[in-house]
Amino acid sequence: MFSPREAIAYIKKHPAILNTLDTPYTVTREVMEQYNLRVLDTSDVLADTLRISQQYGLLFSDALHAASACRHHIDYFVTNDRDFDRVDFLTLVRPSAEESS
Numbered sequence: 001m002f003s004p005r006e007a008i009a010y011i012k013k014h015p016a017i018l019n020t021l022d023t024p025y026t027v028t029r030e031v032m033e034q035y036n037l038r039v040l041d042t043s044d045v046l047a048d049t050l051r052i053s054q055q056y057g058l059l060f061s062d063a064l065h066a067a068s069a070c071r072h073h074i075d076y077f078v079t080n081d082r083d084f085d086r087v088d089f090l091t092l093v094r095p096s097a098e099e100s101s
């Protein structure tokens, strides 16, 4: 069994392995269709991303998620990442807390 870090390192060394993995892609497509999910264009939120990263002390990738949520008027942000606790404009939903109740 691989740790997540070992799995990522393996994939980076052997990217062709991704061509053999159909299940994650199939499941993702099914979930997107079932819940009418769409992928948002994030190219218009770069300035907001940089500001949010600096203002709230977030990594760029986290700030991009927060900026995209703000720009696209996302009402609820589902995460277990405590870094988002610092972001006062997000309404957070904790899936792990929901599962345990």
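Numbered per full-length UniProt numbering, the sequence shown spans residues 1 to 101. Glycine included, each C-beta is placed from N, C-alpha and C at the ideal position.
Residue j beta carbon less than 8 angstroms from that of residue i
{"i": "Ser-68", "j": "Leu-40", "result": "yes"}
{"i": "residue 102", "j": "Arg-71", "result": "As shown, the chain starts at 1 and ends at 101. That puts residue 102 outside it, with no answer to give."}
{"i": "Ile-74", "j": "Ala-63", "result": "no"}
{"i": "Phe-77", "j": "Leu-92", "result": "yes"}
{"i": "Arg-86", "j": "Tyr-56", "result": "yes"}
{"i": "Asn-80", "j": "Ser-61", "result": "no"}
First through last residue of the alpha helix (DSSP H) which encompasses residue i
{"i": "His-65", "result": "60–71"}
{"i": "Tyr-56", "result": "46–56"}
{"i": "Arg-5", "result": "4–13"}
{"i": "Thr-26", "result": "23–34"}
Cα-Cα separation, residue i to residue j
{"i": "Pro-15", "j": "His-65", "result": "25 angstroms"}
{"i": "Ile-11", "j": "Asp-44", "result": "31 angstroms"}
{"i": "Glu-6", "j": "Lys-13", "result": "11 angstroms"}
{"i": "Thr-23", "j": "Leu-50", "result": "35 angstroms"}
{"i": "Asn-36", "j": "Val-27", "result": "14 angstroms"}
{"i": "Leu-18", "j": "Val-31", "result": "19 angstroms"}
{"i": "Asp-83", "j": "Thr-42", "result": "20 angstroms"}
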